[in-house]
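Written out below as structure tokens is the structure these notes cover.
There are 2 protein chains.
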Amino acid sequence: MHRTRVRIVEDALDANNTIARANREDFDRASVRVVNLMSAPGAGKTTLLEAALGELGAVRAGVLEGDVQGSLDADRIAHLHIPVVQLNTGSGFGGECHLDANMVRSALPALALSELDLLIVENVGNLVCPAEFRIGEDARVMISSVTEGEDKPLKYPLMFRTCELVVINKIDLLPHLDFDVELFRHHLDGVHPGVPTMLVSARTGEGVEGFRSWLREVAAREPVPV
Amino acid sequence: MHRTRVRIVEDALDANNTIARANREDFDRASVRVVNLMSAPGAGKTTLLEAALGELGAVRAGVLEGDVQGSLDADRIAHLHIPVVQLNTGSGFGGECHLDANMVRSALPALALSELDLLIVENVGNLVCPAEFRIGEDARVMISSVTEGEDKPLKYPLMFRTCELVVINKIDLLPHLDFDVELFRHHLDGVHPGVPTMLVSARTGEGVEGFRSWLREVAAREPVPV
């Protein structure tokens, strides 16, 4: 029975990858680069986007918001007057804990891709499942908040391994925590050697310009075949 | 295809509930009450257990630790000199994002149930999937950290609806955050009217005695048929 389950999972991932490639072809055709933004619940994905996306210069950014339920995050992003689409995963049952390629595909008709240079997909807050599903993105980035503890790379290795950048958020709280940044980086280096990190406080704005620069760099990339 | 997927999910939940009932019969036979402890990653489940379990008086407690990978949390609990078993969900692929009844069942032989009054199952850090899977527990409790924001009940309603107690942790950080406790309670009341909350700092110990009292009360309960 366990073997059957693994087979179903592999089939589902194969099907997902096929749709992810189709998404990617649409993105490439429209010259839109796509960032898959992931984190645990409450790590500050939306707050970081609020802080960063207002001042991207010539880069025309849009956001796809993934949530189990509601449109709270999309409403926050809409205040920035940039295109935003909300995608809810909560049909039936407790809802899906991640976006997959097909969900993203279903949202594409609502996005005017030709008017964008960069699409940021804010995934469902979760450190396990989102890492398993490609959505057609060019880059994966995750946010780890200093309030979550130094052990998270060891406990959720796939998520940290699959991202090309790890943003360490809420550093304004460091004076009030026992969080050891070097210990976190040591654990991170154990699961994803050499991955760059960025110290940020989305709330105070500290370090956010570095994240903006990274987004501009992604927007300027040539697409790499999936 | 979507309909097929829903069918598979329903079958899986039915099968899970059957095994959850078998677990519960074993727990009842041994007069062990079981608490399913859930939260987002880094909300403080293990720290709260470290703070609370040392002083439970006559209640003999044990812990079942659920993690995708590693035994960091079990090692921390072992320092309390109480029985602890680590369960890893990470076989193949990215790992499971929750415990299910069968995983818990597989750990039972490693637990001397006859020597326990209370078993606390620390679930995988996740606000979606753990809420969907019964494991044979008597009570469900979740921890929401004030660093995660007030909107979490609205974004993960099933998790908040399925618990009989919501512990609001890390209140020592309140002076350094914009978190509005009353707004959080208002949102919580919208998805689970009347559910009790408890303000706690696992780090400073504030409010932890209230959580201990709740654990003692659960341990003293008569089992209710599943």
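In order, the protein sequence lines correspond to chains A and B.
Counting in this note's numbering, the first sequence runs from 3 upward without gaps.
Counting in this note's numbering, the second sequence runs from 3 upward without gaps.
All C-beta atoms, glycine included, are put in the ideal place defined by N, C-alpha and C.
Please read these numbers as outputs of a predicted model, since none were measured by experiment.
(message) What does the alpha-carbon distance come out to for the pair Ala141 (chain B) and Val169 (chain B)?
(response) 13 Å
(message) Mapping the DSSP letters down to three states, classify Glu124 (chain A) as helix, strand or coil.
(response) strand
(request) Take Leu129 (chain A) as the anchor and find which of A:Pro155, A:Val148, A:Asn104 has the nearest alpha-carbon. (result) A:Pro155
(message) Short of 8 Å Cβ to Cβ, which residues in the segment 134 to 158 of chain B face chain A?
(response) Glu134, Ser147, Thr149, Glu150, Gly151, Asp153, Lys154, Leu156, Lys157, Tyr158
(request) Starting from Ser147 (chain B), trace the beta strand (DSSP E) both ways and give me its first and last residue. (result) 141 to 147
(message) Check whether the segment 174 to 184 of chain A and the segment 199 to 214 of chain A are in contact - that is, three or more C-beta pairs closer than 8 Å.
(response) yes
(request) Excluding the 5 residues preceding and the 5 following Arg229 (chain A) in the sequence, name in chain order all residues of the same chain whose CB lies nearer than 6 Å to its CB. (result) Absent from the model: residue 229 (chain A). The displayed extent of chain A is 3 to 228, so no value can be given.
(message) I need the DSSP call for Glu152 (chain A), collapsed to helix, strand or coil.
(response) coil
(request) Return the CA-CA distance between Glu280 (chain A) and Arg223 (chain A), expressed in angstroms with no decimal places. (result) Shown here, chain A extends from 3 to 228; a query on residue 280 (chain A) therefore has no answer.
(request) State the CB to CB distance for the pair Asp102 (chain B) and Asn38 (chain B), rounded to an integer number of angstroms; the pair is presumed to be in contact (CB under 8 Å). (result) Contact flag wrong, Cβ pair sits at about 11 Å.
(request) Can you grab the Cα-Cα spacing for the pair Asn125 (chain A) / Ser41 (chain A), in whole Å? (result) 8 Å
(request) Could you say if the segment 72 to 91 of chain A and the segment 49 to 60 of chain A meet the contact criterion of at least three C-beta pairs nearer than 8 Å? (result) yes
(request) Give every residue of the same chain whose Cβ lies closer than 6 Å to the Cβ of Tyr158 (chain B), excluding the five residues on either side of it in the sequence, and list them in chain order. (result) Leu129
(request) Could I get the ranges of all uninterrupted alpha helix (DSSP H) runs contained in the segment 4 to 80 of chain A, with 4 residues as the minimum, in chain order? (result) 4 to 31, 47 to 54, 74 to 80
(message) Quick check on the DSSP output: the alpha helix (DSSP H) that includes Val169 (chain B) runs from which residue to which?
(response) Run containing Val169 (chain B): none in the alpha helix (DSSP H); it sits in the beta strand (DSSP E), 167 to 171.
(request) Find the residues of chain B that neighbour Asn128 (chain A), judging by a C-beta separation of less than 8 Å, and give them in chain order. (result) Cys99, Asn128, Leu129, Val130
(message) Distance cutoff 8 Å, beta carbons only. Does Asp191 (chain A) sit that close to anything in chain B?
(response) no
(request) Please name the residue in A:Ala32, A:Thr48, A:Arg23 whose C-alpha comes closest to that of Val210 (chain A). (result) A:Thr48
(message) Does the CB of Ala42 (chain A) have a neighbour CB from chain B at under 8 Å?
(response) yes
(message) Distance check for Val61 (chain A) and Trp216 (chain A), CA to CA, integer angstroms please.
(response) 12 Å
(request) Check the Cβ of Val70 (chain A) against every Cβ in chain B and list those closer than 7 Å, keeping chain order. (result) Val130, Lys157, Tyr158
(message) Can you tell me which residues form a DSSP beta bridge with Val86 (chain B)?
(response) B:Val65
(request) Evaluate Leu185 (chain A) with the Cβ neighbour count: other Cβ atoms within 10 Å of its Cβ, from every protein chain shown; 16 or more gives buried, anything less gives exposed. (result) exposed
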